[in-house]
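According to my numbering, the sequence shown is numbered sequentially starting from 177.
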Amino acid sequence: MSETKIILDACCGSRMFWFDKHNPFALFVDKRSEIVTAKDRDKIRTIEVKPDIIADFTNLPFEDNSFYMVVFDPPHLKTLGETSWMAKKYGKLPKDWQSLIHDGFTECMRVLKPNGTLVFKWNESEIKAAEVLSVIPFKPLFGHTTGRQSKTIWMCFMKLPINS
Numbered sequence: 177m178s179e180t181k182i183i184l185d186a187c188c189g190s191r192m193f194w195f196d197k198h199n200p201f202a203l204f205v206d207k208r209s210e211i212v213t214a215k216d217r218d219k220i221r222t223i224e225v226k227p228d229i230i231a232d233f234t235n236l237p238f239e240d241n242s243f244y245m246v247v248f249d250p251p252h253l254k255t256l257g258e259t260s261w262m263a264k265k266y267g268k269l270p271k272d273w274q275s276l277i278h279d280g281f282t283e284c285m286r287v288l289k290p291n292g293t294l295v296f297k298w299n300e301s302e303i304k305a306a307e308v309l310s311v312i313p314f315k316p317l318f319g320h321t322t323g324r325q326s327k328t329i330w331m332c333f334m335k336l337p338i339n340s
């Protein structure tokens with residue numbers, strides 16, 4: 177890994193919330209690499225998922241304590257059709273989503289340096305943040321809700337000595 181890649185986006189998708197989608201300090205990871213075109217209502221939409229590295233966020237190919245910051249924005253919907261635009265754009269949670277989120281979060285904390293920051297984004301459309309927090313062994317320092325219906329929550333975690 178390059179010493180300039182100090183930020184990990186563990187499930188980057190199409191890098192939607194990045195101001196600089198080619199940030200030189202960020203390493204973009206996703207389990208898929210594809211260009212998807214789908215009909216959404218009356219429109220044809222295209223999304224490009226082009227990670228720097230193809231990997232699953234539950235089994236990242238990095239050494240412990242590799243990044244100063246990790247961004248973790250996993251899929252948050254579980255009742256989508258496999259071919260729906262939302263499933264193609266954001267991914268879909270499996271029925272046993274609890275173990276996926278637990279394992280992914282634990283893996284993201286593993287690759288985070290001591291005193292590093294993990295930014296976690298979740299949408300409460302189907303699963304409340306409190307339920308998600310109950311399956312991970314870490315507590316956020318603070319968070320903020322955003323979005324049209326205030327269902328998206330951004331949370332900040334830090335890898336403190338008590339979390340190691």
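Backbone N, C-alpha and C define an ideal beta-carbon position, used for all residues, glycine too.
Span of the beta strand (DSSP E), counted from its first residue to its last, around residue i
i: residue 224; result: 219-225
i: residue 332; result: 328-334
i: residue 292; result: 288-299
i: residue 213; result: 210-216
i: residue 204; result: 202-206
i: residue 183; result: 183-185
Delimiting residues of the alpha helix (DSSP H) encompassing residue i
i: residue 311; result: Residue 311 -> no alpha helix (DSSP H), and no H or E assigned at all.
Per DSSP, cross-strand counterpart(s) of residue i
i: residue 317; result: Answer is none; residue 317 lacks a bridge partner.
i: residue 229; result: 205
i: residue 236; result: Answer is none; residue 236 lacks a bridge partner.
i: residue 322; result: 328
Sequence-distant residues of the same chain with beta carbon closer than 7 Å to residue i, five excluded per side
i: residue 305; result: 298, 329
Same chain, Cβ closer than 6 Å to residue i, neighbours up to 5 away in sequence not counted
i: residue 286; result: 240
i: residue 230; result: 209
| What runs of the alpha helix (DSSP H), each 4 residues or longer, lie entirely inside the stretch 239-279? | 261-266
_Check whether the stretch 205-222 and the stretch 246-256 touch, using three or more Cβ-Cβ pairs below 8 Å as the test._
No, they do not touch.
(Q) I want to know whether the stretch 293-300 touches the stretch 324-333 - three or more CB-CB distances under 8 Å. (A) In short, these stretches touch, since the Cβ pair count reaches three.
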